[in-house]
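Visitor: Attaching a single structure in structure tokens format; questions to follow.
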Amino acid sequence: MNHWLLKSEPSTWSWHQQCQVASEPWTGVRNYQARNFLKAMRLGDLAFFYHSVTDKKIMGIVEVVQEFYPDPTDEKLQFVCVDVKATASLKVPVSLAQIKADPRLENLPLIRQSRLSVMPLSKKEWDILCKLGKTEINESDHI
DNA sequence: GCCAACGTTGGC
DNA sequence: GCCAACGTTGGC
592 MNHWLLKSEP STWSWHQQCQ VASEPWTGVR NYQARNFLKA MRLGDLAFFY HSVTDKKIMG
652 IVEVVQEFYP DPTDEKLQFV CVDVKATASL KVPVSLAQIK ADPRLENLPL IRQSRLSVMP
712 LSKKEWDILC KLGKTEINES DHI
């Protein structure tokens, strides 16, 4: 199973909103690199939900509940989206400053390539971030 | 609100 | 196919 990080501007789609719906199509990605990552997501993969711009914090964890299909908001149907469902709020949101301060996380695309909105994480990076968020996820529930 | 980074577009 | 111009993202 793979691990990911998804960015959203809270003014566009917030973690709070995500928690109030059963699942949500992750639409609006218009970058080819990000699209390829969306296509690589599999049912049950987990992703961090990151608030960009104003908050700059990882807020929670979502699970992929529908693999990629054409993004209905893209007229040319060149881009894709997946559906994600909130599975856990981080007990302590992890801030960008914290991530930058941790040398183990210096290779995160979040830092190296700040404009990428969908990115893969290694299992190691995932575990470090879960720990920083004081949150445990039982991955056996999500195979 | 500014600006650096960077992806995309279009003229040549 | 190159590259200048332009638009967008996102941190500060």
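Numbering follows our numbering, in which position 72 of the first sequence is assigned residue number 663; successive positions increment by one, without gaps.
Cβ coordinates follow ideal geometry from the N, Cα and C atoms, glycine included.
(1) Between the C-alpha atoms of S602 and G635, what's the straight-line distance to the nearest angstrom?
(2) Assuming the contact rule is C-beta atoms closer than 8 Å, L701 and A638 should be a hit. Round their C-beta distance to whole Å, please.
(3) Counting along the chain, where does the beta strand (DSSP E) carrying W595 start and finish?
(4) Run through DSSP, which three-state label would L699 get?
(5) So, is A625 buried or exposed, given that buried needs 16 or more other C-beta atoms within 10 angstroms?
(6) Can you list, in chain order, the stretches of the beta strand (DSSP E) that have 3 or more residues and sit fully within the stretch 612 to 674?
(7) At the level of alpha carbons, what is the spacing between K725 and F659?
(8) Quick one: using the 10 Å Cβ neighbour count with 16 as the cut-off for buried, is H594 buried or exposed?
(9) Span of the alpha helix (DSSP H) holding L720?
(10) Report the three-state DSSP secondary structure of L681 (helix, strand or coil).
(11) Would you say S614 and D674 are within 7 Å of each other, going by their C-beta atoms?
(12) Between the stretch 659 to 670 and the stretch 691 to 711, can you find at least three pairs of beta-carbon atoms closer than 8 Å?
Guide: In short:
(1) The count along the first sequence starts at 1 and reaches residue 602 at position 11. The count along the first sequence starts at 1 and reaches residue 635 at position 44. Roughly 27 Å separates the two Cα atoms.
(2) Against the first sequence, residue 701 aligns to sequence position 110. Against the first sequence, residue 638 aligns to sequence position 47. At roughly 12 Å, the Cβ-Cβ gap does not stay under 8 Å, so L701 and A638 are not in contact.
(3) Counting from one through the first sequence, the residue named residue 595 turns up at place 4. 594 to 599 is the extent of the beta strand (DSSP E) around W595.
(4) Position 108 of the first sequence, counted from the first residue, corresponds to residue 699. Coil at L699, not helix or strand.
(5) Locating residue 625 in the first sequence gives position 34, where the first residue counts as 1. Under this definition A625 is a buried residue.
(6) 637 to 642, 648 to 661
(7) What you label residue 725 is simply residue 134 of the first sequence in a count that begins at 1. What you label residue 659 is simply residue 68 of the first sequence in a count that begins at 1. Their Cα atoms are separated by approximately 30 Å.
(8) Sequence index remark: in the first sequence, residue 594 carries index 3 (1-based). That one is buried.
(9) Walking along the first sequence from the start, residue 720 turns up at place 129. L720 -> alpha helix (DSSP H) spans 714 to 723.
(10) Within the first sequence, residue 681 is the residue found at index 90, counting from 1. Three-state DSSP puts L681 in a strand.
(11) One-based indexing of the first sequence puts residue 614 at position 23. One-based indexing of the first sequence puts residue 674 at position 83. In this structure, S614 sits near D674, with a CB-CB distance shorter than 7 Å.
(12) Too few Cβ pairs lie closer than 8 Å, so no.
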